[in-house]
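*Asks:* Sharing a structure below in structure tokens format, with a few things to ask.
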């Protein structure tokens, strides 16, 4: 096995471990709400959750982890969009 292959395998193992720790670990929630998603997306998510090594992992916990990551990663963009929308609404009241 070449050095390059060993590095690629190590990077893949690291990425796999990071993904499992971030998304495939049960995170208890005190307050829950129901949401509706596309059935095909639900089936894919269900397959991912069912293959997790954490037997306590729930679909809700997985969705919460993915949303938390998304909102964190795109917080600057979301804030910009919110501010633009807020400015449009406020401009209606300016005379």
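Residue numbers (this note's numbering): 0 to 94. C-beta: ideal position from N, C-alpha, C; glycine also.
Which residue comes first and which comes last in the alpha helix (DSSP H) that contains residue 46?
*Replies:* Start and end: 38-49.
*Asks:* To which residues of the same chain is residue 31 closer than 7 angstroms at the C-beta, ignoring the five residues directly before and after it?
*Replies:* Taken in chain order, the residues that qualify are 59.
*Asks:* If we call anything under 8 angstroms between Cβ atoms a contact, is residue 70 one with residue 23?
*Replies:* The answer is no: Cβ separation not under 8 angstroms.
*Asks:* For residue 62, which of 54, 28, 15, 86 has the nearest alpha-carbon?
*Replies:* With distances taken between Cα atoms, residue 62 lies closest to 28.
*Asks:* Specify whether the segment 45-54 and the segment 71-86 touch according to this definition: at least 3 beta carbon pairs, one from each stretch, less than 8 angstroms apart.
*Replies:* The segment 45-54 vs the segment 71-86: no contact.
*Asks:* Between residue 91 and residue 73, what straight-line distance do the alpha-carbon atoms span, to the nearest angstrom?
*Replies:* Straight-line Cα distance between these residues: approximately 28 angstroms.
*Asks:* Could you work out which residue in 9, 65, 42, 88 is closest to residue 21 when comparing CA atoms only?
*Replies:* When each option's Cα is compared against that of residue 21, the closest is 65.
*Asks:* Excluding five sequence neighbours on each side, which residues of the same chain lie with their C-beta closer than 8 angstroms to the C-beta of residue 52?
*Replies:* Cβ neighbours of residue 52 beyond the five flanking positions: 19, 23.
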